[in-house]
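A.B. asks:
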Amino acid sequence: MFQSFDKHLTTAFFAPLARRRADHGGDLAIPILMYHSVSNEPEIEAHPYFWLNTTTGRFDAQMRFLKDNDYKVISLAHAVELLRDTGNKRNKHAAHAVITFDDGFRDFYLSAFPILRKHGFTATVFLPTDYITDHTRKMDGKEHLSWDEVAELYEQGISFGSHTTNHFQLKNLNRDDMNFEIRHSRQIIESKIGKPVDSFSYPFAFPEENEELTSYLTDTLTACGYRYGVSTRIGRASAQDPIFFLKRLPVNSRDDLAFFRAKLEGGYDWLHWFQLKSKILRAKLQHGKTRN
Numbered sequence: 002m003f004q005s006f007d008k009h010l011t012t013a014f015f016a017p018l019a020r021r022r023a024d025h026g027g028d029l030a031i032p033i034l035m036y037h038s039v040s041n042e043p044e045i046e047a048h049p050y051f052w053l054n055t056t057t058g059r060f061d062a063q064m065r066f067l068k069d070n071d072y073k074v075i076s077l078a079h080a081v082e083l084l085r086d087t088g089n090k091r092n093k094h095a096a097h098a099v100i101t102f103d104d105g106f107r108d109f110y111l112s113a114f115p116i117l118r119k120h121g122f123t124a125t126v127f128l129p130t131d132y133i134t135d136h137t138r139k140m141d142g143k144e145h146l147s148w149d150e151v152a153e154l155y156e157q158g159i160s161f162g163s164h165t166t167n168h169f170q171l172k173n174l175n176r177d178d179m180n181f182e183i184r185h186s187r188q189i190i191e192s193k194i195g196k197p198v199d200s201f202s203y204p205f206a207f208p209e210e211n212e213e214l215t216s217y218l219t220d221t222l223t224a225c226g227y228r229y230g231v232s233t234r235i236g237r238a239s240a241q242d243p244i245f246f247l248k249r250l251p252v253n254s255r256d257d258l259a260f261f262r263a264k265l266e267g268g269y270d271w272l273h274w275f276q277l278k279s280k281i282l283r284a285k286l287q288h289g290k291t292r293n
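In case it helps, my numbering puts the sequence shown at residues 2 to 293.
(1) Can at least three beta-carbon pairs, one atom from the region 5-12 and one from the region 213-223, be found at a separation below 8 Å?
(2) Let me know if W295 comes out buried or exposed under the rule of 16 or more other beta-carbons within 10 Å of its beta-carbon.
(3) Nearest to H79 by CA position, among T123, R22, S38, is which residue?
(4) Assuming H145 and F106 make a contact with CB atoms under 8 Å, what is their CB distance in whole Å?
(5) How far does the alpha helix (DSSP H) with I190 in it extend, from its first residue to its last?
(6) Distance, Cα to Cα, A30 vs A240?
(7) Quick test of your reading: D108 and S40, contact by CB under 8 Å. State the CB separation rounded to the nearest angstrom.
(8) Would you kindly work out how many angstroms separate the C-alpha atoms of S192 and L18, rounded to a whole number?
(9) Starting from I100, trace the beta strand (DSSP E) in both directions and tell me its first and last residue.
(10) Suppose contacts are defined by Cβ-Cβ distances below 8 Å. Is V99 in contact with I116 by that definition?
(11) Can you give me the C-alpha to C-alpha distance between Y72 and T12, rounded to a whole angstrom?
(12) Return the chain-ordered list of same chain residues with a C-beta closer than 6 Å to the C-beta of F1, the five sequence neighbours on each side being excluded.
(13) From which residue to which residue does the alpha helix (DSSP H) around T233 run?
(14) Return the CA-CA distance between G58 and P32, expressed in angstroms with no decimal places.
(15) Starting from L128, follow the beta strand (DSSP E) in both directions and report where the run begins and ends.
(16) Skipping 5 residues on each side, what residues in its chain have a beta carbon closer than 6 Å to that of G236?
(17) Since R20 sits in a beta bridge, which residues does DSSP pair it with?
(18) Looking at the secondary structure, which residues open and close the alpha helix (DSSP H) in which S40 lies?
(19) Looking only at its own chain, which residues have a Cβ that is under 8 Å from the Cβ of R65, when we skip the five neighbours before and after it?
(20) Which value, in whole angstroms, describes the spacing of the CA atoms of K68 and K196?
(21) Name the two residues that bound the continuous beta strand (DSSP E) containing S160.
(22) What is the rounded straight-line gap between the Cα of R187 and the Cα of Y50?
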């Protein structure tokens, strides 16, 4: 029951509330969907929020839902342009969505892309570049894209961004190593696709409670030439989000169409408050242990 608590609360309470609020307009909010793997492989033993896989059947159903309900799937770059235009307001008759994939798993090429192409959709894939270069390295036992596959996908309209070089937890690194992870990955991707890389995806839980670190990250990303980015902060992206740390909505095999719809319409946005408060509490507890 506990594992389904957020799902039940979202679909039964917050989703209807979000729909009523949407009827009255308001500021623009764009769902940026965060996927990892489209695969029928068994899931890890963890709370469903942390699942990585979305089955091919469920992913196809989710994409079909977007198409059948007249969602305009746009690029991340286009979404950023819309959010930056403060004159844009929410319009229930012109719904947008963005599709992103973290980690650069090879099943994007084998399974996800054919489904996206069938529905006429694009996506942004965030690459941990050393895993793309060195195929002896695997993440969660999964194979990664090759640079030849990246080039082929790019030619067919898929965008690519950086997910660091080694997929390290950046907050645990010193400043020099952090800078390398951010800068080097962008340089490698640009050398492979021959175009500027504008987007960055922060790996793991984003430390939004740490203002000093987020300020340093913002300065570093700007200095490296990035223009915008995404994070694991939960919710739909809005103009109030930091441009490098836009909110996203995690999606996996748990997302039946009712839950998927609720997330798209703002029914999952409530969870960010709890996410942030829990980070602040953990930081205070850790600080207390350090002082003792």
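Every residue gets a Cβ at the ideal spot worked out from N, C-alpha and C, and that includes glycine.
C.D. replies: Working from what's here:
(1) no
(2) No answer is possible for residue 295: the residues shown for the chain start at 2 and end at 293.
(3) Of the listed residues, the one whose Cα sits closest to H79 is T123.
(4) 6 Å
(5) Here the alpha helix (DSSP H) through I190 covers 176-194.
(6) 8 Å
(7) 5 Å
(8) 47 Å
(9) 97-103
(10) no
(11) 20 Å
(12) A query on residue 1 cannot be resolved here, the shown segment of the chain reaching from 2 to 293 and no further.
(13) Unbroken run through T233 is the beta strand (DSSP E), 229-235; no alpha helix (DSSP H).
(14) 21 Å
(15) 125-128
(16) K248, D270, H273
(17) Answer is none; R20 lacks a bridge partner.
(18) Premise fails: S40 is in no alpha helix (DSSP H) and is neither H nor E.
(19) H120
(20) 30 Å
(21) Segment 160-163, the beta strand (DSSP E) holding S160.
(22) 29 Å
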